[in-house]
Amino acid sequence: MLKKGEKIVLKIDKIVYGGEGLGFYNDLAVFVPMSVPGDVLEVEVISLKKNYARALIHKIIKPSEDRVEDHSKVSFEDFHGCDFAMLKYEKQLAYKKEMVREVIEKIGKTTNFILHETIGAEKPLYYRNKVIEPFAKNKGRIISGFYKRRSHEVFEVSENHLQSKLANKVIRELKKELNKASISVYNEHTHSGILRHVMVRTNSKNEAMLVLIIKGKLKKELEDVIKKTVGICPEIKSAYISINNRRTNFALGEKNILILGEPTISEEMFGISFNMSPNSFFQINLEQTKKLYGKAIEYFGEIQNKNIVDAYSGTGTIAMILSEKAKKVYGIELVEAASRDAIKTAEQNNIKNTEFINGKVEEKLIELIDSGEKIDGIIFDPPRKGIESSVLTKVAEINLNEIVYISCNPSTFARDVGILESHGYYLKEVQPVDMFPQTSHIELVGKIVKK
Ligand SMILES: C[S@@+](CC[C@H](N)C(=O)[O-])C[C@H]1O[C@@H](n2cnc3c(N)ncnc32)[C@H](O)[C@@H]1O
């Protein structure tokens, strides 16, 4: 009988959906984070259930050919918080494709679709345009960084390899000023202390938005820290303090106070300039977003003279790109600030054939359909939890030729495809796009058509 704490030798057979490696020890499934098919490992069992165990790599006995050259690293922390960085980049793409296949077949119960190779990134490092890091205190110093796996303990790295170099610089300089001013750090257990998170957004013009998220009230010493940081980093074009007095894991606060500069920074995509405020959603990898949206638009076929709905429209990126050709595009989005950003962007770009509706897709899309408005196509880009089944049932009633579905969570995508299949549609094609290199996160776009 295997015991917790025991060290065993394990060969890894495959990577399962979620990103962990799987091997078998006397028929018992053992899941090992940061492991690669073909690895022979000495692992330490950290938890034991009836049907499976979890273990951490203790030593690499024989590395898989798919592993990166540096075999001295074994853990999430060693790889700067990236759970796929132990894989060669082309292998990350191949495993993501296989994970997509597996999850759609298993959950969506469909096999007869075209699955394309994952579209990879030319820049698989320093690609993120938004980062949020929690603060912590370590040996008397204010630090920020990543949470260790399955914990709330923060570890700091000298440079975050995923976020832009500018964001690295801004956070480094901010921490120097915070340490000089000796501000207290928030403690989630006692709900006391001030500094909670830092968020930085950057754009391709090398400009930044800094948001310092705190508990408590706006104080002059905090404003001074922000002003000094902006003095050292003139790339910061917008700086906020966000007040979050709630007991929550959600970083951004209920009130964002502009301290310096403009309320938004902007990003250019498909010739359109988009505004981003602290809490509006914007895809975090610009290069890959262009490829993803390009594919999504291609999946629509002819949209001239058609009315299209962009459901879960965020700052209206997809709606505005589609508006170039479509007759009219409706964007439906829950977050008010994002809807406002979308309206502002449309005005600034002189786009007249979009309408942004603020509210839940579950309500507003159904109202739009019930109003008798002609809808020729819908693109969905929901959050991780996917689309409510009532929405899919309603959409199936209006006889669309095609539905385009962008997803950052293949398992809810597969579930939703299953629902649409039961209403006379089928999944024709799936294109995974690697929006999150070095991590096991997967983004895809699917084309669902009428049977
Ligand atoms: C994955 S993002 C897509 C955003 C957009 N397509 C873009 O690229 O900017 C999902 C969006 O859905 C919004 N959202 C979440 N739940 C919603 C709901 N029930 N109804 C409408 N929008 C919702 C979120 O605020 C977020 O902006």
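Position one of the sequence shown corresponds to residue 104 (the working numbering), numbered consecutively onward.
A virtual CB, placed ideally from N, CA and C, is assigned to each residue, including glycine.
In this structure, L523 sits near I551, with a CB-CB distance shorter than 8 Å. Between S416 and V206, the gap from beta carbon to beta carbon reaches 8 Å or more.
Between F385 and F377, the CB-CB gap stays under 8 Å. Not one heavy atom of ligand 1 falls within 7 Å of the beta-carbon of F516.
Every beta strand (DSSP E) of 3 residues or more that sits fully in the region 476 to 549 is shown, in chain order, as 480 to 483, 505 to 510 and 528 to 536. Proximity of the region 263 to 280 to the region 318 to 325 falls short of the contact definition, fewer than three beta-carbon pairs being nearer than 8 Å. Shown here for N382: same chain residues with a beta carbon closer than 6 Å to its own, the five before and five after excluded, namely L355 and A440 in chain order.
In this structure, V139 lies away from A158, with their beta-carbon atoms at least 8 Å apart. In the DSSP annotation of this structure, T457 is not part of any alpha helix (DSSP H); the continuous beta strand (DSSP E) holding it starts and ends at T457 to N461. Between G243 and F258, the C-beta gap is not smaller than 8 Å, which leaves the two residues out of contact.
In this structure, DSSP gives T305 an extended state, which the three-state scheme calls strand. According to DSSP, residue pairing for E326 in a beta bridge does not occur. Counting only the Cα atoms, S510 lies some 23 Å from L190. Within the region 129 to 179, the beta strand (DSSP E) runs of at least 3 residues that lie entirely inside it are, in chain order, 131 to 135, 143 to 151 and 155 to 165.
Annotation for A429: no alpha helix (DSSP H) segment contains it, and DSSP assigns it neither H nor E.
Each residue's CA atom was taken as its position, placing E491 and I344 some 35 Å apart. The beta carbon of P237 sits closer than 6 Å to the beta carbons of V257 and H300 from its chain, once the five residues preceding and following it are set aside; these are given in chain order. In the DSSP annotation of this structure, the continuous segment of the beta strand (DSSP E) that includes M379 starts and ends at I375 to M379. Taking a C-beta distance under 8 Å as the contact criterion, V135 and L105 do not qualify as a contact pair. Looking at R253, R252, I246 and H255, the one whose alpha-carbon comes closest to that of S261 is I246. With contacts defined by Cβ atoms closer than 8 Å, N232 and I387 form a contacting pair. Annotation for I246 indicates a beta carbon at 7 Å or more from all heavy atoms of ligand 1.
CA-to-CA, the gap between N309 and I368 works out to about 11 Å.
Contact annotation: the region 440 to 453 touches the region 406 to 425, with at least three C-beta pairs closer than 8 Å. Short note on A399: C-beta not closer than 7 Å to any heavy atom of ligand 1. Non-local beta-carbon contacts of E465 in its own chain, meaning distances under 7 Å to residues more than five positions away in sequence, involve E491, S493 and V494 in chain order. Here the region 183 to 201 makes no contact with the region 348 to 366; the two share fewer than three CB pairs at distances below 8 Å. S307 sits close to E370, with the two beta carbons spaced by under 8 Å.
Inclusion of I478 and K467 in the CB contact set at 8 Å is not warranted, their separation being larger than that value. Shown here for P166: same chain residues with a beta carbon closer than 7 Å to its own, the five before and five after excluded, namely D142 and H174 in chain order. The nearest non-hydrogen atom of ligand 1 is 7 Å or more from the C-beta of D444.
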